[in-house]
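A.B. asks: Can you keep this structure in mind? I'll have questions shortly.
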Amino acid sequence: MTKTIFIIGFILSFGLSMMMLFYRRRKWLNDNVKLKISLPLTIIGLIGFSLAKSSDFRFLFSSMIVPSIYLIIDKLFKRISLKYQGRDFYLYLRFSDDVDKDVSALDIIISFAFLGILMGLLAFGAVLYGK
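60 is the number that my numbering gives to position 53 of the sequence shown; each next residue is one higher, with no gaps.
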């Protein structure tokens, strides 16, 4: 796998998803904006993945699908948090705006699960399509 394609795929999958995770409470990054970013990437990723011959490009196009998976996981974790805590979860990760708030054990579990899932998706793509 060439370094350039890996870096572009890394930025598309992990970088964009982490940006949406850390800034998810900001007014400028509402669900509509997230959908406008993720939906075109997913369409391009699905079409490109089905047409790609090289494993390098398959990694790149599969990386474009990760922000949409992020949105699904975010909605799932938000629903779980609303059910058990009556509020959206606080992100318990360094440099997050929510760290100073009173976090519960469920917030910590969700935060690290979210980070693990995002890193796992990137590692899965790299291992599956790497040489």
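The beta carbon of each residue, even a glycine, is placed where N, CA and C say it ideally should be.
As the structure is a computational prediction, the values presented were derived from the model and not from experiment.
Is Arg-65 helix, strand or coil when you go by DSSP?
C.D. replies: Looking at Arg-65 - three-state DSSP - the assignment turns out to be helix.
A.B. asks: Since I believe Gly-16 is in contact with Ser-70 (beta carbons under 8 Å), could you give me their beta-carbon distance rounded to a whole number of angstroms?
C.D. replies: With a Cβ gap of about 4 Å, Ser-70 and Gly-16 count as contacting.
A.B. asks: Inspect the beta-carbon positions of Val-40 and Leu-129 and report whether they are closer than 9 Å.
C.D. replies: No, these two residues do not count as a Cβ contact at 9 Å.
A.B. asks: Does the beta-carbon of Ser-75, which I'm using as the reference point, lie nearer than 8 Å to any heavy atom of the ligand COA?
C.D. replies: Looking at this structure, you won't find the ligand COA or any other ligand, since it has none at all.
A.B. asks: Contact between the segment 44 to 55 and the segment 118 to 127: three or more CB pairs below 8 Å?
C.D. replies: The segment 44 to 55 vs the segment 118 to 127: no contact.
A.B. asks: Between the C-alpha atoms of Ser-61 and Leu-135, what's the straight-line distance to the nearest angstrom?
C.D. replies: Whole-angstrom Cα-Cα distance: 12 Å.
A.B. asks: Tyr-99: which of Asp-114, Leu-89 and Lys-43 sits nearest, CA to CA?
C.D. replies: Residue Asp-114 is the option with its Cα nearest to Tyr-99.
A.B. asks: Where Phe-131 and Phe-66 are concerned, what is the direct C-alpha to C-alpha distance, given to the nearest angstrom?
C.D. replies: In a straight line, the C-alpha of Phe-131 is about 10 Å away from that of Phe-66.
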